[in-house]
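Novice: Shown below is the structure under consideration.
In my numbering, the protein residues as written are 27 to 434.
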């Protein structure tokens, strides 16, 4: 089955989002052996209007969004088996309350996306496929009878009750999608426990790393990022979305205690939380803004230690951070807060701090204790957590589910 089956994926993250994406990481790995059709999370009219000046993100999609033309694209540098599918624009309905109007407009939006799937199946002569919904319960609650896949898979990557915007409708919609799926997966132990309330077919599918990409930080000499040109200080680095999961009080203590070092924040800034703690005013803190994932290995290589400074919350309790394996693949020392059960599993190769004081202190310890032996231990740990390994496990689960669906 795994060798003669297509994959259709829809994910909350679009293929060109400026940070690592679970759904798209799976898509790239699947595409090494299978045809993959990655349905972009649909743009609403509000998003198009607010982001129209973003030439790469919106303007390039205009013919697909409004005319239904040029809906397919290939991405340079990625397997030719991978096809991006852009549905037509949808209506913004998340602001509505639950009820008849929401359900009517949801049906309208879902029909748009199902039509994109129907056209893709026809245009590419798809005979059998696995449908993989990566944390996008707003679409495909059910799939039209004439579009049925061999197996329907739903994956949750965050505790949806803790994501303020999407929780409004997402909580009940996710439950419905899980009930209508053959297999459900959680990216952490906590998430798997949560979805097991609704289905016996719940599996833990942890995040992984693009090993070949991030290994460059350990095996190749990469150009020094422009933000670090001429810098002769030690560098403490964080990569990823700069938003609500981070403990900014902790980072301020890091910046002030380690005033002799640079605190480098690499990634898109999604809110102003860091400004409440004057992190942007600290003289040794540098924000780079969004960077392409292909550029991250150079930032990691030219850093002395890497941080996962997540706060303790219900949301972070359910997180298996994608970046832990990216960091370890680079071979660098990692300091993390003890925010989840999953991060504790890396205590043999990373410094897991129980308190803010311990976190701050472990930075110097990590830098001083670094050695070739520790570097190799980190890389070896990460090598167990690759997307290749996750895809192999995915197929084991899906093939078993397909057998169970067959009539006796």
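Even glycine gets a Cβ: it sits at the ideal position worked out from N, Cα and C.
Because the structure is a prediction, the values reported are computed rather than measured.
Using CA coordinates, which residue listed in 56, 213, 138 is at the minimum distance from residue 30?
Specialist: Measuring from the Cα of residue 30, the nearest candidate turns out to be 56.
Novice: Using only the alpha-carbon positions, how far apart do residue 43 and residue 65 sit?
Specialist: C-alpha separation (whole angstroms): 14 angstroms.
Novice: Express the C-alpha separation of residue 328 and residue 290 in angstroms, rounding to a whole number.
Specialist: Approximately 11 angstroms between the Cα atoms of the pair.
Novice: Going by alpha carbons, who is nearest to residue 245 out of 280, 237, 121?
Specialist: If we check each option's Cα against that of residue 245, 237 comes out closest.
Novice: Within its chain, find whatever has a CB closer than 6 angstroms to the CB of residue 273; leave out the 5 residues flanking it on each side and keep chain order.
Specialist: Excluding sequence neighbours, residue 273 sits near 335, 337.
Novice: Could you tell me which whole beta strand (DSSP E) segments of length 3 or greater appear in the stretch 376-404?
Specialist: Correct list: 377-379.
Novice: Going residue by residue through the stretch 104-178, where are the continuous beta strand (DSSP E) segments of at least 3 residues, counting only ones entirely within it?
Specialist: Listed in chain order, the complete beta strand (DSSP E) runs (minimum 3 residues) inside the stretch 104-178 are 108-111, 155-160.
Novice: Starting from residue 10 and walking both ways along the beta strand (DSSP E), at which residues does that stretch end?
Specialist: Outside the displayed span of the chain (27 to 434) sits residue 10, for which this structure offers no information.
Novice: Between the stretch 338-345 and the stretch 208-222, do three or more beta carbon pairs fall short of 8 angstroms?
Specialist: Yes, they touch.
Novice: Select from 232, 85, 228, 105 the residue whose C-alpha is nearest the C-alpha of residue 112.
Specialist: That would be 85, whose Cα lies nearest to the Cα of residue 112.
Novice: Quick check for students: name the residue ranges of the alpha helix (DSSP H) that lie wholly in the stretch 59-94, counting only runs of 4 or more.
Specialist: Listed in chain order, the complete alpha helix (DSSP H) runs (minimum 4 residues) inside the stretch 59-94 are 71-76, 88-93.
Novice: Around the Cβ of residue 399, are there at least 16 other Cβ atoms within 10 angstroms (buried) or fewer (exposed)?
Specialist: Exposed is the call here.
Novice: Hey, residue 161 and residue 38 are a contact pair by Cβ (cut 8 angstroms); roughly how many whole angstroms apart?
Specialist: 5 angstroms between Cβ atoms; contact.
Novice: Can you list the alpha helix (DSSP H) stretches of 4 or more residues lying completely in the stretch 200-262, in chain order?
Specialist: Entirely contained in the stretch 200-262, the alpha helix (DSSP H) runs reaching 4 residues are, in chain order, 215-221, 237-240, 242-245.
Novice: Decide if residue 432 is buried, meaning its Cβ has at least 16 other Cβ atoms within 10 Å, or exposed.
Specialist: Per the 10 Å Cβ criterion, exposed.
Novice: Which residues bound the alpha helix (DSSP H) around residue 32?
Specialist: No alpha helix (DSSP H) holds residue 32; the beta strand (DSSP E) holding it covers 32-37.
Novice: Quick check: what's the CA-CA separation for residue 403 versus residue 359?
Specialist: Those two C-alpha atoms are separated by around 11 angstroms.
Novice: What does a CB cutoff of less than 6 angstroms around residue 177 pick up in its chain, not counting 5 residues either side in sequence?
Specialist: For residue 177, where only same-chain residues beyond five positions count, the Cβ hits under 6 angstroms are 156, 208, 424, 427, 428.
Novice: Measuring CA to CA, which of 234, 239, 243, 204 is closest to residue 228?
Specialist: The candidate whose alpha carbon is nearest that of residue 228 is 204.
Novice: As a quick exercise: from 281, 28, 419, pick the residue whose alpha carbon is nearest that of residue 230.
Specialist: Checked all of 281, 28, 419; the closest Cα to residue 230 is 419.
Novice: Please report the residue range of the alpha helix (DSSP H) in which residue 423 lies.
Specialist: Run containing residue 423: 413-431, per the alpha helix (DSSP H) assignment.
Novice: Using 8 angstroms as the threshold, is the C-beta distance between residue 355 and residue 241 below it?
Specialist: Contact: yes.
Novice: Quick check: the Cα distance between residue 304 and residue 294, rounded to an integer number of angstroms?
Specialist: When rounded, the distance between both Cα atoms is 18 angstroms.
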